[in-house]
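Under my numbering, the first residue of the sequence shown is numbered 4, with each subsequent residue one higher.
Reading through the structure tokens given below for one structure.
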Amino acid sequence: KKMSGGVNSIEAVKKKIKVLQEQAEEAEERAERLQREVEKEKRSREEVHTNLPECLPGPGEPDGVCVSVCQAEAEVSSLNRRLQLSEENLDRAQERLATALHKLDEVEKAADESERGMKVIENRALKDEEKMEQLEVQLREAKQIAEEADRKYEEVARKLVMVEGELERAEDRAEQSESKSRMLEEELKTVFTSSKSLEAQAEKYSQKEDRYEEEIKNLSSKLKEAETRAEFAERSVAKLEKTIDDLEGEFGSSGIVGKDKT
Numbered sequence: 004k005k006m007s008g009g010v011n012s013i014e015a016v017k018k019k020i021k022v023l024q025e026q027a028e029e030a031e032e033r034a035e036r037l038q039r040e041v042e043k044e045k046r047s048r049e050e051v052h053t054n055l056p057e058c059l060p061g062p063g064e065p066d067g068v069c070v071s072v073c074q075a076e077a078e079v080s081s082l083n084r085r086l087q088l089s090e091e092n093l094d095r096a097q098e099r100l101a102t103a104l105h106k107l108d109e110v111e112k113a114a115d116e117s118e119r120g121m122k123v124i125e126n127r128a129l130k131d132e133e134k135m136e137q138l139e140v141q142l143r144e145a146k147q148i149a150e151e152a153d154r155k156y157e158e159v160a161r162k163l164v165m166v167e168g169e170l171e172r173a174e175d176r177a178e179q180s181e182s183k184s185r186m187l188e189e190e191l192k193t194v195f196t197s198s199k200s201l202e203a204q205a206e207k208y209s210q211k212e213d214r215y216e217e218e219i220k221n222l223s224s225k226l227k228e229a230e231t232r233a234e235f236a237e238r239s240v241a242k243l244e245k246t247i248d249d250l251e252g253e254f255g256s257s258g259i260v261g262k263d264k265t
């Protein structure tokens, strides 16, 4: 818009210069025409003076001679007035011509300054256009980078969802293993308690071996069975502890905290 306004201003100045040039030419033509009229009036006055009788009519001369002289003087006076008027018109025309030429000179200088300013504006606009092109290239590159970043973000988000699902399933398995381990530990404690109770009863009733021999055999059998279960439970607990250790090592960085083993 600024460039369009500058172009319109230059065109207006050029039109004004053209009008002033036309006015100056008209003023010059008018001044030349008035100059010719003044010269013509001067020549006419000189002719009148040349043709004017040198003497006035004397006594007894016809009155027509006197009339001719008066008419000639009137014509000279009229020519003088016309000459003076023409000279005044010529002066005014010359003044108008000088004014028009002065204005023309000022307008031409203003036009030169406007053209220089226009060139500066055009150069600035050209630089702005080049900068805009560079900014558009940078914008396209930024959009491509943003699209690539969005694509990578979506890919990472999908992987994160998958890892979270796997972590949740691992935590469930760890909780189940811990629950089974606690149950086995409780069962093992019960077996140990029963074993101790049986030992105490054996010591207490050692004097009644014959009577309770069969019972002792049964209890021994149960004890062996309990020991077998205890050994099995210990092996199971060992396996569970190893499994728990592996899980803790695998998911330790994901926030799973290991619990104390009894």
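We put the CB at the ideal spot given by N, CA and C, even for glycine.
My guess is that residue i and residue j are in contact by the Cβ rule of under 8 angstroms, so how many angstroms apart are they, rounded?
i           : j           : result
residue 31  : residue 93  : At roughly 12 angstroms, the Cβ-Cβ gap does not stay under 8 angstroms, so residue 31 and residue 93 are not in contact.
residue 182 : residue 226 : Actually they do not touch by this definition, with Cβ atoms about 28 angstroms apart.
Using the beta-carbon count (16 or more within 10 Å), is residue i buried or exposed?
i           : result
residue 103 : buried
residue 148 : exposed
residue 34  : buried
residue 229 : buried
residue 18  : exposed
residue 37  : buried
residue 177 : buried
residue 293 : Any property of residue 293 remains undetermined from this structure, which presents the chain solely from 4 to 265.
residue 57  : With a pLDDT of 46 at residue 57, under the threshold of 50, the modelled position of that residue is not reliable, and no figure is offered here.
Given a cut-off of 8 angstroms on the beta-carbon distance, is the pair residue i and residue j in contact?
i           : j           : result
residue 191 : residue 222 : no
residue 243 : residue 184 : yes
residue 246 : residue 180 : yes
residue 233 : residue 194 : yes
residue 254 : residue 170 : yes
Could you tell me whether any Cβ in chain B is nearer than 8 angstroms to the Cβ of residue i?
i           : result
residue 160 : Going by chain labels, chain B is absent from the structure shown, which holds only one protein chain.
What would DSSP say about residue i, mapped onto helix, strand or coil?
i          : result
residue 63 : The pLDDT assigned to residue 63 is 49, lower than 50, so where the model puts this residue is not dependable, and the model offers no usable value.
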